[in-house]
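Data first, discussion second: the structure below is written as structure tokens.
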Amino acid sequence: MSASKTIFKRIIDGEIPADVVYEDSQCLAFRDVNPQAPVHVLVIPKKEIASLAHLAEDDAPLMGHLMLVIRNLAAELGLDSGFRVVANSGPDAGQSVDHLHFHLLGNRSLSWPPG
Ligand code: AMP
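Convert by adding 1 to the 1-based position in the sequence shown; the result is the number in this note's numbering.
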């Protein structure tokens, strides 16, 4: 298993550093190394779930928890005029790390539709 650890699992396990902005028993939030907005935080479950497509029915409380963490972070990081939450899932969406993650983006005007 360790040979196929994702980079996010290595961050969870403390093997590589990250700019952590929030942590609890179920999740971790840290700043993206290649930020696409002045605030760009990744919120990830500590449980290894590859993507939204891999969710199990009993992951529902965990997903609800992550949404509340995102709500709290958006407020704490001052995203009062709005923010965007993105979960790229699978190759067509450009998912590059196979560990579920929510991008929290804000502090700039965000265009729509995304690319
Ligand atoms: P995605 O393309 O949706 O899978 O998003 C993966 C994100 O992880 C990208 O925005 C990367 O910049 C970010 N990323 C990759 N490695 C790290 C890292 N070590 N620390 C923080 N962010 C990372």
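We treat Cβ as the ideally placed atom computed from N, Cα and C, and that holds for glycine.
Bear in mind the structure is a predicted one, so any value in this text is a computation, not a measurement.
*Between His102, Lys48, Leu53, which lies nearest to Arg1 when the distance is taken from Cα to Cα?*
Because residue 1 is not part of the residues shown, which for the chain are 2 to 116, the question remains open.
*Count the CB pairs spanning the stretch 15 to 23 and the stretch 81 to 95 that are closer than 8 Å, and state whether there are at least three.*
Between the stretch 15 to 23 and the stretch 81 to 95, the count of C-beta pairs closer than 8 Å stays below three; the two stretches do not touch.
*Who are the near neighbours of Glu24 in its chain, counting only those whose CB is closer than 6 Å to its CB and skipping five residues on each side?*
Non-local beta-carbon contacts of Glu24 in its own chain, meaning distances under 6 Å to residues more than five positions away in sequence, are absent.
*For Leu106, name the three-state secondary structure that DSSP assigns.*
Strand, per DSSP.
*Proximity of His100 and Lys6 at Cβ, strictly below 7 Å*: Cβ distance not < 7 Å, so His100 and Lys6 don't count as in contact.
_Check whether the stretch 63 to 71 and the stretch 40 to 54 are in contact - that is, three or more C-beta pairs closer than 8 Å._
Yes, the stretch 63 to 71 is in contact with the stretch 40 to 54.
*Can you list the beta strand (DSSP E) stretches of 3 or more residues lying completely in the stretch 14 to 71, in chain order?*
List check, beta strand (DSSP E) in window: 21 to 24, 28 to 32, 40 to 46.
*Buried versus exposed, by CB contacts within 10 Å (16 or more), Ala76*: Label assigned to Ala76: exposed.
*Please report the Cβ distance between Val42 and Leu69, rounded to the nearest whole angstrom; I am assuming they are in contact, meaning their Cβ atoms lie under 8 Å.*
Not really, about 15 Å apart at Cβ, beyond 8 Å.
_Checking the sheet assignment: what are the DSSP bridge partners for Val87?_
The partner list for Val87 (beta bridge, DSSP) reads His104.
*Tell me whether Val86 counts as near the ligand AMP, meaning its Cβ is closer than 6 Å to at least one heavy atom of that ligand.*
Not under cutoff, so the answer is no.
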